[in-house]
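In the UniProt record's numbering, the protein residues as written are 1 to 267.
In what follows, a structure is listed as structure tokens, so that the remarks can point back to it.
See below:
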């Protein structure tokens with residue numbers, strides 16, 4: 001059964017930006033001309049970066065139309081699915097929307113506390129669990145009071161995951177790396193800006209990435225230990241699920257400082 005919910009004309013428009021035989025893939029163009037080049041964008045560079053700006057404008061226009069028809073859905077995952085760009089040999093697939101939504105609704109419980117929850121997806125793909133989490137928070141309180149960390153080894157889906165976070169204005173850390181081997185190659189943080197429809201993005205330095213890696217390993221080890229204990233005990237999984245719910249905390253993320261730099265989407 002197809003996982004698509006989108007008008008395929010939108011997917012074709014996305015594919016036509018960098019069609020087969022062009023010598024470059026869309027994710028490579030996005031990574032080089034938007035994510036990397038866009039970090040250093042300043043208004044005085046607008047003329048020399050016109051090609052980069054035009055690429056971003058095309059993708060933003062398609063995504064804007066897409067999200068009006070299918071809010072909080074994954075344009076780039078559907079694009080990869082439609083054009084056979086998933087790696088079947090490694091068992092790569094994207095979790096259905098209904099499953100993502102169900103898991104988020106069963107494990108999230110928004111409560112008032114000091115810190116916003118930090119959520120980790122060690123095999124994030126294009127970020128569907130992040131999008132379902134954003135959908136849940138938008139419905140419940142109207143703002144994204146969480147920090148989502150996405151990790152994936154595939155450079156294609158990593159690139160599109162960052163783009164999803166940017167275009168949906170979600171606070172996140174997006175790591176290109178192997179969560180099992182704890183090897184990481186690069187990362188971007190996306191930071192919402194008040195009054196702006198998309199997030200700014202920043203390439204993270206190696207030192208900060210190592211710090212996040214250590215925290216991610218610790219959280220993953222704790223989760224694995226709790227899962228093992230839950231399986232052994234009567235009604236253990238029910239108690240484990242209740243524990244997960246209690247961990248979710250709610251506090252608005254407010255940044256008083258203005259961003260020090262502008263990114264490509266801010267013009």
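Every residue gets a Cβ at the ideal spot worked out from N, C-alpha and C, and that includes glycine.
Practice task
Classify residue 128 as buried or exposed, calling it buried when 16 or more other Cβ atoms lie within 10 Å of its own Cβ.
Solution key: Here residue 128 is taken as the residue at index 128 of the chain shown, counted from 1. Per the 10 Å Cβ criterion, buried.
Handout entry: Sequence-distant residues of its chain with Cβ nearer than 8 Å to residue 123 (five each side left out)
Key = Your numbering for residue 123 matches position 123 in the chain shown. So the qualifying residues of the chain are 151, 152 and 179.
Exercise for the section: Pick out whichever of 65, 206 and 35 has its Cα sitting closest to the Cα of residue 52. Expected result: Within the chain shown, residue 52 is the residue found at index 52, counting from 1. Of the candidates 65, 206 and 35, the one whose C-alpha sits nearest the C-alpha of residue 52 is 35.
Practice task
Output the distance between the C-alpha atoms of residue 98 and residue 136, rounded to the nearest integer angstrom.
Solution key: Mapped onto the chain shown, residue 98 falls at position 98. Mapped onto the chain shown, residue 136 falls at position 136. Going by the C-alpha atoms only, they are around 13 Å apart.
Practice task
To the nearest angstrom, report how far apart residue 10 and residue 116 are at their CA atoms.
Solution key: Residue mapping note: residue 10 aligns to position 10 of the chain shown, counting from 1. Residue mapping note: residue 116 aligns to position 116 of the chain shown, counting from 1. Cα-Cα distance, rounded: 35 Å.
Practice task
Would you decide whether residue 171 is buried or exposed? Buried here means 16 or more other CB atoms lie within 10 Å of its CB.
Solution key: In the chain shown, the residue the question calls residue 171 occupies position 171. Buried, since its Cβ has 16 or more Cβ neighbours within 10 Å.
Practice task
Could you please give me the residues that DSSP links to residue 119 through a beta bridge?
Solution key: On the chain shown, residue 119 is found 119 positions in, with the first residue counted as 1. Residue 119 is bridged to 148.
Practice task
Give a yes or no on whether the C-beta atoms belonging to residue 203 and residue 39 are separated by under 7 Å.
Solution key: The residue you call residue 203 lines up with position 203 of the chain shown. The residue you call residue 39 lines up with position 39 of the chain shown. Contact: yes.
Exercise for the section: Mind checking who residue 184 pairs with in its DSSP beta bridge? Expected result: Walking along the chain shown from the start, residue 184 turns up at place 184. Note: residue 184 sits in a beta bridge opposite 177.
Problem - First and last residue of the uninterrupted alpha helix (DSSP H) at residue 107 - result: For this step, residue 107 is matched to residue 107 along the chain shown. Note, residue 107: alpha helix (DSSP H), 97-107.
Exercise for the section: Could you pull out every residue in the same chain whose Cβ sits closer than 6 Å to the Cβ of residue 27, ignoring the five residues on either side in sequence? Expected result: In the chain shown, residue 27 corresponds to position 27, counting from 1. These residues qualify, in order along the chain: 156 and 159.
Handout entry: Nearest neighbour of residue 185, chosen from 13, 175 and 64 [CA to CA]
Key = Here residue 185 is taken as the residue at index 185 of the chain shown, counted from 1. Comparing Cα positions, the closest option is 175.
Exercise for the section: Decide if residue 211 is buried, meaning its Cβ has at least 16 other Cβ atoms within 10 Å, or exposed. Expected result: Here residue 211 corresponds to residue number 211 of the chain shown, with the count starting at 1. It counts as exposed.
Exercise for the section: Would you list the one or two residues that DSSP bridges to residue 189? Expected result: Indexing the chain shown from 1 puts residue 189 at position 189. Residue 189 pairs with 173 and 202.
Exercise for the section: Please determine if the stretch 188-195 and the stretch 162-169 are in contact, where contact requires at least 3 C-beta pairs separated by less than 8 Å. Expected result: yes
Problem - For residue 8, the three-state DSSP class (helix, strand or coil) - result: Within the chain shown, the letter at position 8 stands for residue 8. Looking at residue 8 - three-state DSSP - the assignment turns out to be helix.
Handout entry: Straight-line Cα distance separating residue 48 from residue 182
Key = Indexing the chain shown from 1 puts residue 182 at position 182. Indexing the chain shown from 1 puts residue 48 at position 48. The alpha-carbon atoms of residue 182 and residue 48 are separated by roughly 38 Å.
Exercise for the section: Between the Cα of residue 125 and those of 94, 78 and 81, spot the shortest distance and give me the residue it belongs to. Expected result: Along the chain shown, one-based indexing puts residue 125 at 125. When each option's Cα is compared against that of residue 125, the closest is 94.
Handout entry: Classification of residue 7 by the beta-carbon crowding that lies within 10 angstroms, buried from 16 upward
Key = Position 7 of the chain shown, counted from the start, is the residue given in the question as residue 7. Residue 7 should be labelled exposed.
Problem - Enclosing alpha helix (DSSP H) for residue 59 [first to last residue] - result: Within the chain shown, numbered from 1, the residue matching residue 59 stands at position 59. Element bounds for residue 59: 50-69.
Exercise for the section: Would you kindly check if the distance between the Cβ of residue 119 and the Cβ of residue 148 is under 7 Å? Expected result: In the chain shown, the residue the question calls residue 148 occupies position 148. In the chain shown, the residue the question calls residue 119 occupies position 119. Yes, the pair counts as a contact, with Cβ atoms nearer than the cut-off.
Handout entry: Among 59, 71 and 195, nearest to residue 139 - alpha-carbon criterion
Key = Working through the chain shown from its first residue, we reach residue 139 at position 139. The candidate whose alpha carbon is nearest that of residue 139 is 71.
Exercise for the section: For residue 17, name the three-state secondary structure that DSSP assigns. Expected result: By 1-based counting over the chain shown, the position of residue 17 is 17. Correct three-state label for residue 17: helix.
Handout entry: DSSP three-state assignment for residue 44, whether helix, strand or coil
Key = To locate residue 44, count along the chain shown from 1; it is residue 44. Three-state DSSP puts residue 44 in a helix.
Exercise for the section: Let me know if residue 76 comes out buried or exposed under the rule of 16 or more other beta-carbons within 10 Å of its beta-carbon. Expected result: Counting from one through the chain shown, the residue named residue 76 turns up at place 76. Residue 76 comes out buried.
Handout entry: Continuous alpha helix (DSSP H) stretch holding residue 81: start and end
Key = The residue you call residue 81 lines up with position 81 of the chain shown. That run of the alpha helix (DSSP H) goes 75-82.
Practice task
State buried or exposed for residue 200, treating a residue as buried only when at least 16 other CB atoms are found within 10 Å of its CB.
Solution key: Residue mapping note: residue 200 aligns to position 200 of the chain shown, counting from 1. Answer is buried; the Cβ neighbour count reaches 16.
Exercise for the section: Throw me the rounded Cβ distance for the residue 55 and residue 33 pair, which I believe falls under 8 Å. Expected result: For the purposes of this step, residue 55 is taken as residue 55 along the chain shown, with counting starting at 1. For the purposes of this step, residue 33 is taken as residue 33 along the chain shown, with counting starting at 1. The Cβ separation is near 5 Å, so the contact holds.
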